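S.K.:
Set out below in structure tokens:
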């Protein structure tokens, strides 16, 4: 969930500062729209091809989850997408079709994502976040909670997707998936933001320590298995998607920008190969936009990087063979 403040103030990159406690600790706010799409044709939000739309930002790891599952499940024809500007301007996310790989709002013709939210709820005052799963038929937001959107994309659309055979959230593994997801979210996905957005030493130290302890645990977990979940043979699940969207940004952004610099991702042989493994799955590489990722963080977070300088490196080969097929 990448946010823009509901305020229309003129300072860039201030939304996260509004979520920092008096102790200097970043506290992520809960998503506000939490409806569900169902395969039941009689439900309020029934799964239909062409009915639903995703508003995303390529830079955002939370939105990135939805793009990957959309690709893996073969939903590119069933669910349309618009991409906001990577630069978080005053007033929040905007549509900038003149910029490379950004789009207009093809559904509503709005100039800002804020207008999408306020068209549904004129009194909306919480954060403006991506991703947004939008119902074009009812002209409303179904959900802005990425963890729930990817479950819907996996399960509700099997009647209209190209990969109904692929189940990324199988019933028999859900308890294990949920457990791994909770660990990864608290210590890695959100842990990075708790470190990067901390405004005091103690919460930063705590977040960074938990982050690298978790990465050590995950490195060990992936030393004998290809994916995070499943026994005796592991299998690709939503847990892998949720970890990947953070790892792919680690060396490009988080290591330097969020001061998470005890080690780089490339210093973890198994995590680095795992990242390349997921990247090389059919369709996934097309969801990764390095320039949007780097420019968003380095140029939107003025409090962290006031001069907006985007580092040249690091450079690495994501297409290098990972050799993880031999693992169980």
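In the UniProt record's numbering, the protein residues as written are 1 to 328.
Glycine residues also receive a C-beta, built at the ideal position from the N, C-alpha and C atoms.
These numbers were taken from a predicted model, which means no experiment stands behind them.
Measuring alpha carbon to alpha carbon, tell me which of 32, 156, 149, 219 ends up nearest residue 49.
M.R.: Taking the chain shown and counting its residues from 1, the one referred to as residue 49 is at position 49. It is 156 whose Cα lies nearest to the Cα of residue 49.
S.K.: Looking at the C-beta of residue 53, does it have a partner C-beta in chain B at a distance below 8 Å?
M.R.: The structure shown contains no chain B; it is built from a single protein chain.
S.K.: On the three-state DSSP scale, how would you describe residue 81?
M.R.: Position 81 of the chain shown holds residue 81. Note: residue 81 maps to strand in three-state DSSP.
S.K.: So the candidates are 80, 160, 177, 81; which of them puts its Cα closest to the Cα of residue 231?
M.R.: Locating residue 231 in the chain shown gives position 231, counting from the first residue. That would be 177, whose Cα lies nearest to the Cα of residue 231.
S.K.: Which of helix, strand or coil does DSSP assign to residue 177?
M.R.: Position 177 of the chain shown, counting from 1, holds the residue named residue 177. Reduced to three states, the DSSP call for residue 177 is helix.
S.K.: Would a C-beta distance cut-off of 8 Å place residue 189 and residue 246 closer than the cut-off?
M.R.: Position 189 of the chain shown, counted from the start, is the residue given in the question as residue 189. Position 246 of the chain shown, counted from the start, is the residue given in the question as residue 246. Cβ distance < 8 Å, so residue 189 and residue 246 count as in contact.
S.K.: Which word fits residue 237, buried or exposed, when buried means at least 16 other C-beta atoms lie within 10 angstroms of its C-beta?
M.R.: Residue mapping note: residue 237 aligns to position 237 of the chain shown, counting from 1. Buried: at least 16 other Cβ atoms inside 10 Å.
S.K.: Excluding five sequence neighbours on each side, which residues of the same chain lie with their C-beta closer than 8 Å to the C-beta of residue 161?
M.R.: Your numbering for residue 161 matches position 161 in the chain shown. If we look at residue 161 and ignore the five residues flanking it on each side, its Cβ neighbours are 73, 74, 75, 78.
S.K.: On a Cα-Cα basis, can you pick out the residue from 320, 84, 325, 257 that is closest to residue 312?
M.R.: As a position in the chain shown, residue 312 is number 312, starting the count at 1. Checked all of 320, 84, 325, 257; the closest Cα to residue 312 is 257.
S.K.: Considering only residues of the same chain and omitting the five flanking positions on each side of residue 13, which have a CB-CB separation below 7 Å?
M.R.: On the chain shown, residue 13 is found 13 positions in, with the first residue counted as 1. In this prediction, residue 13 scores a pLDDT of 42, lower than 50, which makes its location untrustworthy; the coordinate-derived value is nonetheless stated afterwards. Hits under 7 Å: 88, 300, 301, 302, 303.
S.K.: Can you name the start and end residues of the alpha helix (DSSP H) that residue 129 belongs to?
M.R.: As a working mapping, residue 129 is identified with position 129 in the chain shown. It is not in any alpha helix (DSSP H) - residue 129 instead sits in the beta strand (DSSP E) that spans 128–130.
S.K.: Could you check if residue 151 is buried or exposed, using at least 16 other CB atoms within 10 Å of its CB as the buried criterion?
M.R.: Looking up residue 151 in the chain shown gives position 151. It is buried - the Cβ of residue 151 has at least 16 other Cβ atoms within 10 Å.
S.K.: With DSSP as the reference, identify every bridge partner of residue 143, one or two as the case may be.
M.R.: Within the chain shown, residue 143 is the residue found at index 143, counting from 1. The partner list for residue 143 (beta bridge, DSSP) reads 34, 133.
S.K.: Mind checking which residues open and close the beta strand (DSSP E) that includes residue 52?
M.R.: The residue given as residue 52 occupies position 52 in the chain shown. Start and end: 52–56.
S.K.: Evaluate residue 261 with the Cβ neighbour count: other Cβ atoms within 10 Å of its Cβ, from every protein chain shown; 16 or more gives buried, anything less gives exposed.
M.R.: Residue 261 sits at position 261 when you count from the first residue of the chain shown. With fewer than 16 Cβ atoms within 10 Å of its Cβ, residue 261 is classed as exposed.
S.K.: What does the Cβ neighbour count give for residue 216, buried or exposed, with the cut at 16 atoms within 10 Å?
M.R.: Position 216 of the chain shown, counting from 1, holds the residue named residue 216. Classification of residue 216: exposed, given that the 10 Å Cβ count is below 16.
S.K.: In its own chain, which residues sit with a C-beta less than 8 Å from the C-beta of residue 337, not counting the 5 before and 5 after it?
M.R.: This structure does not reach residue 337, given that the chain is present from 1 up to 328, and the question cannot be answered.
S.K.: Between residue 42 and residue 142, is the Cβ-Cβ spacing less than 8 Å?
M.R.: What you label residue 42 is simply residue 42 of the chain shown in a count that begins at 1. What you label residue 142 is simply residue 142 of the chain shown in a count that begins at 1. No.
S.K.: Please confirm whether residue 81 and residue 58 have their CB atoms less than 8 Å apart.
M.R.: Taking the first residue of the chain shown as 1, we reach residue 81 at position 81. Taking the first residue of the chain shown as 1, we reach residue 58 at position 58. Cβ atoms of residue 81 and residue 58: not closer than 8 Å.
S.K.: Could you tell me whether the Cβ atoms of residue 96 and residue 105 are closer together than 8 Å?
M.R.: Locating residue 96 in the chain shown gives position 96, counting from the first residue. Locating residue 105 in the chain shown gives position 105, counting from the first residue. For residue 96 and residue 105, no; Cβs fall outside 8 Å.
S.K.: I'd like the ranges of any alpha helix (DSSP H) spanning at least 4 consecutive residues and lying wholly in the segment 258–283.
M.R.: Entirely contained in the segment 258–283, the alpha helix (DSSP H) runs reaching 4 residues are, in chain order, 269–279.
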